[in-house]
Amino acid sequence: MELLCPAGNLPSLRKAIEHGADAVYVGLNNDTNARHFKGLNFSDTQLQEAVTFCHRHQRKLHVAINTFAHPNQFPRWQQAIDLAVDKGVDALIVADIAALDYLSKQHPDQEVHLSVQASVTNSKAIDFYQRQFRVKRIVLPRVLSVQQVRKLAANTTIELELFAFGSLCIMAEGRCYLSSYMTGESPNTAGVCSPAKFVRWEQNEQTLHARLNGVLIDSFSADEQAGYPTLCKGRFEVQGSTYHALEEPTSLNTLALLPELLKMNIASVKIEGRQRSPAYVAQVTKVWRQAIDAAKHSAQDFDVKPAWNETLAGLSEGQQTTLGAYHRKWK
Amino acid sequence: MSFLKTSVGPMLFLWEKPLMDAFYERVALSDADIVYLGENVCGKRRLSNHEDYLRWAQRLARCDKQVVLSTLALLESPQQIRELERMCNNDSMLFEANDVATIQVLSELHRPFIIGPAINVYNGYTLAKFAKLGAKRWVMPVELSKDWLFALKKEYDSLCDLPMEYEVFSYGYLPLAYSARCFTARHHNLAKDQCNLICQTHPQGLQVSSQDGKELFTLNGIQTMSGQVYNLCEEITELGKLADIARISVHQFEDLDWVDHFKGHHKTLRPTTHINGFWHRIAGMHVVD
Numbered sequence: 241m242e243l244l245c246p247a248g249n250l251p252s253l254r255k256a257i258e259h260g261a262d263a264v265y266v267g268l269n270n271d272t273n274a275r276h277f278k279g280l281n282f283s284d285t286q287l288q289e290a291v292t293f294c295h296r297h298q299r300k301l302h303v304a305i306n307t308f309a310h311p312n313q314f315p316r317w318q319q320a321i322d323l324a325v326d327k328g329v330d331a332l333i334v335a336d337i338a339a340l341d342y343l344s345k346q347h348p349d350q351e352v353h354l355s356v357q358a359s360v361t362n363s364k365a366i367d368f369y370q371r372q373f374r375v376k377r378i379v380l381p382r383v384l385s386v387q388q389v390r391k392l393a394a395n396t397t398i399e400l401e402l403f404a405f406g407s408l409c410i411m412a413e414g415r416c417y418l419s420s421y422m423t424g425e426s427p428n429t430a431g432v433c434s435p436a437k438f439v440r441w442e443q444n445e446q447t448l449h450a451r452l453n454g455v456l457i458d459s460f461s462a463d464e465q466a467g468y469p470t471l472c473k474g475r476f477e478v479q480g481s482t483y484h485a486l487e488e489p490t491s492l493n494t495l496a497l498l499p500e501l502l503k504m505n506i507a508s509v510k511i512e513g514r515q516r517s518p519a520y521v522a523q524v525t526k527v528w529r530q531a532i533d534a535a536k537h538s539a540q541d542f543d544v545k546p547a548w549n550e551t552l553a554g555l556s557e558g559q560q561t562t563l564g565a566y567h568r569k570w571k
Numbered sequence: 067m068s069f070l071k072t073s074v075g076p077m078l079f080l081w082e083k084p085l086m087d088a089f090y091e092r093v094a095l096s097d098a099d100i101v102y103l104g105e106n107v108c109g110k111r112r113l114s115n116h117e118d119y120l121r122w123a124q125r126l127a128r129c130d131k132q133v134v135l136s137t138l139a140l141l142e143s144p145q146q147i148r149e150l151e152r153m154c155n156n157d158s159m160l161f162e163a164n165d166v167a168t169i170q171v172l173s174e175l176h177r178p179f180i181i182g183p184a185i186n187v188y189n190g191y192t193l194a195k196f197a198k199l200g201a202k203r204w205v206m207p208v209e210l211s212k213d214w215l216f217a218l219k220k221e222y223d224s225l226c227d228l229p230m231e232y233e234v235f236s237y238g239y240l241p242l243a244y245s246a247r248c249f250t251a252r253h254h255n256l257a258k259d260q261c262n263l264i265c266q267t268h269p270q271g272l273q274v275s276s277q278d279g280k281e282l283f284t285l286n287g288i289q290t291m292s293g294q295v296y297n298l299c300e301e302i303t304e305l306g307k308l309a310d311i312a313r314i315s316v317h318q319f320e321d322l323d324w325v326d327h328f329k330g331h332h333k334t335l336r337p338t339t340h341i342n343g344f345w346h347r348i349a350g351m352h353v354v355d
């Protein structure tokens, strides 16, 4: 089982490798990837450095080119693909059928992984991407339970990659238009969700208001910790009660599932967070490396060490973690 | 006079069978050209069964409606896939695919299909690929605009000469997201596995507002919808130039009155609360007057 860690820049990439990542995933600094944030991601020369660094340490580099090409603008996605292939990256993470089609025709030997943005949750959809584009691996959306993942794993020859830790996206990725509904920009069209340029904080006597494009996402009293106004994690009113109507600000943490995931032969566990700091990447990678090694050593005796959970909870949204949809009761 | 055809989209809310019976009787007598039947949102909803849908399909076909069976957007279990295969194998009807799995099943059977709004088609290359696999009509994802549609059609025409029909979601609460979680059950403190189909008690969904009173979303089981009704009634001229079909997604019987509007029989002004942002390439919840 591969430990796949995020990097938004070279310092994060080096930290990930130093702390035990088997592979690192990055994006280019344009809107061809779903973490298109200012100051984040890799230029041509940085990508070259990243490839060299990873390969010198016998680790792999994956590049996410996982937004959907706009009409008449495919050359931008094509250039990104050609660049990544040319630099010798180990895998491309792709969602758009236009990009997959191009890859299978122009770069048939390039290893391709299907991005979570393609929203594949079942064996027939896997058949489609496997047969049409020879996709080697799929990244599963965070909507399936462990039982559902197990059934899928038992019935497919494709490699499965799961989100193991980090921000919890509660919608089927690639099919969520909440962000464009509120701001005009979505993961599919602009590579962003709840973009920072639309965030406004208002301090009003004892209350801090967090707004996204003018919409009040949450209000925090002085004794509450204020979180980033991701639009699905706000407190809203439904039939007179105010609560986190969609989801609490919480992070996904699947350490406890590791023995089960090993048994299912999951190819890769993915840490979310290309937008996070090098220090974050270092700490999360370190914990997950130790945990995977322990589970591989003896799955039967595997226990989640309290210190691991403490470290991860400290790095999590709202200091809370959840098994998310992997655990049926969450649904 | 508009050249637009109108369709009545699949019922996205869970309505009890007698209400559905009455509803499709009204649809049969309406001027709609196309009717989409079937459950699109949640695999657990079974107040109407397959036989009911076939019965409505026959009734609607007798009134010269083109009937399309719409399918689930989120297919998660082997059982759902088996049911999908059985349905596609047994029925000679036209299907709307809302997951790539459905496209795979239908293309293996060499059957024509319609691409629903929950499939990620953002460019002409993707649409051309699906056209070669049997797609005859494309319902644009709700977040896309008239500019996007115009550019995409042009790109498609440069790549593929197979005919394609274009349908635009033009009226109704916008389906914006699908989750593993049932938000309606969550509101009632019920586990999804023991939901008792509680969503049937909210036949127009559950309104979600911000703490300062702005209507934001409508919860409909695992689906999150717009808080306001999307309405392109004042964009009908542009719509008629770019699209073949205007889809009307109903949450109450009276919404069928919009069929006449989109057919160009009479003009109605957009109610002040209705939104149209996506069509104008701005935030979906906003309005361009």
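Sequence order for the protein chains is A and B. Adding 240 to a residue's 1-based position in the first sequence gives its number in my numbering. Adding 66 to a residue's 1-based position in the second sequence gives its number in my numbering. Where is the CB? At the ideal position from N, CA and C, for every residue including glycine. Keep in mind the model is a prediction, meaning the values are calculated, not measured.
Under 6 Å Cβ to Cβ from residue i, same chain only, skipping five residues before and after it: list those, please.
i                     : result
residue 205 (chain B) : 182, 183 and 233
residue 98 (chain B)  : 72, 74 and 325
residue 300 (chain B) : 336
residue 148 (chain B) : none
residue 190 (chain B) : 218, 221, 222 and 225
residue 496 (chain A) : 544
residue 173 (chain B) : 199 and 200
residue 270 (chain A) : none
Given a cut-off of 8 Å on the beta-carbon distance, is the pair residue i and residue j in contact?
i                     : j                     : result
residue 126 (chain B) : residue 90 (chain B)  : yes
residue 290 (chain A) : residue 317 (chain A) : no
residue 525 (chain A) : residue 245 (chain A) : yes
residue 213 (chain B) : residue 347 (chain B) : yes
residue 194 (chain B) : residue 226 (chain B) : yes
residue 269 (chain B) : residue 79 (chain B)  : yes
residue 514 (chain A) : residue 248 (chain A) : yes
residue 512 (chain A) : residue 385 (chain A) : no
residue 358 (chain A) : residue 188 (chain B) : no
residue 349 (chain B) : residue 424 (chain A) : yes
residue 532 (chain A) : residue 555 (chain A) : no
residue 482 (chain A) : residue 277 (chain B) : yes
residue 412 (chain A) : residue 447 (chain A) : no
residue 104 (chain B) : residue 76 (chain B)  : yes
residue 249 (chain B) : residue 486 (chain A) : yes
residue 185 (chain B) : residue 134 (chain B) : no
What distance in whole Å lies between the Cβ atoms of residue j and residue i, which are believed to be in contact at a cut-off of 8 Å?
i                     : j                     : result
residue 493 (chain A) : residue 405 (chain A) : 5 Å
residue 417 (chain A) : residue 209 (chain B) : 4 Å
residue 383 (chain A) : residue 142 (chain B) : 7 Å
residue 354 (chain A) : residue 378 (chain A) : 4 Å
residue 200 (chain B) : residue 178 (chain B) : 5 Å
residue 335 (chain A) : residue 306 (chain A) : 4 Å
residue 365 (chain A) : residue 166 (chain B) : 4 Å
Grouping DSSP H, G and I as helix and E and B as strand, with all else coil, what is residue i?
i                     : result
residue 359 (chain A) : coil
residue 341 (chain A) : helix
residue 284 (chain B) : strand
residue 258 (chain A) : helix
residue 81 (chain B)  : coil
residue 473 (chain A) : helix
residue 309 (chain A) : coil
residue 296 (chain B) : strand
residue 202 (chain B) : strand
residue 458 (chain A) : strand
residue 245 (chain A) : strand
residue 133 (chain B) : strand
Using a Cβ-Cβ cut-off of 8 Å (strictly less than) and excluding sequence neighbours within five positions of residue i, which residues of its own chain qualify?
i                     : result
residue 351 (chain B) : 282, 292, 293, 294, 341 and 343
residue 288 (chain A) : 327
residue 374 (chain A) : 344, 348 and 352
Might you give, ordered along the chain, the residues of its own chain that have their beta carbon closer than 7 Å to the beta carbon of residue i, omitting 5 neighbours on each side?
i                     : result
residue 471 (chain A) : 418, 419, 422, 434, 452 and 457
residue 305 (chain B) : 70, 234, 236, 298 and 312
residue 216 (chain B) : 308
Under 8 Å Cβ-Cβ, which residues of chain D neighbour residue i?
i                     : result
residue 310 (chain A) : Given the protein chain composition of this structure (A and B), no chain D is represented.
What are the residues of the region 404 to 430 of chain A that lie near chain B, defined by any Cβ-Cβ distance shorter than 7 Å? 410, 411, 412, 414, 415, 416, 417, 418, 420, 421, 422, 423, 424, 426, 428 and 429
Taking beta-carbon pairs under 7 Å, can you tell me which members of the region 449 to 469 of chain A lie near chain B? Answer set for the region 449 to 469 of chain A: 453, 455, 456 and 459.
Output needed in chain order: residues of the region 127 to 151 of chain B with a Cβ under 9 Å from some Cβ in chain A. 139, 140, 141, 142, 143, 144, 146, 147, 150 and 151
Short of 9 Å Cβ to Cβ, which residues in the region 559 to 570 of chain A face chain B? 564, 565, 568, 569 and 570
Name the residues in the region 249 to 267 of chain B whose C-beta lies less than 9 Å from a C-beta of chain A; which are they? Within the region 249 to 267 of chain B, the residues whose Cβ lies closer than 9 Å to some Cβ of chain A are 249, 251, 252, 253, 257, 258 and 259, listed in chain order.
When you check each C-beta in the region 471 to 486 of chain A against every C-beta of chain B, which residues fall closer than 9 Å? Within the region 471 to 486 of chain A, the qualifying residues are 471, 472, 474, 475, 476, 477, 478, 479, 481, 482, 483, 485 and 486.
Against chain B, which members of the region 266 to 288 of chain A pass a CB distance test of less than 8 Å? Result list empty, no residue passes.
Which residues, in order along the region 355 to 370 of chain A, keep a beta-carbon less than 9 Å from a beta-carbon of chain B? 357, 358, 359, 360, 361, 362, 363, 364, 365, 366, 367, 368 and 369
Selection of the region 160 to 176 of chain B by Cβ proximity to chain A, strictly under 7 Å: 165, 166, 167, 169, 170 and 171
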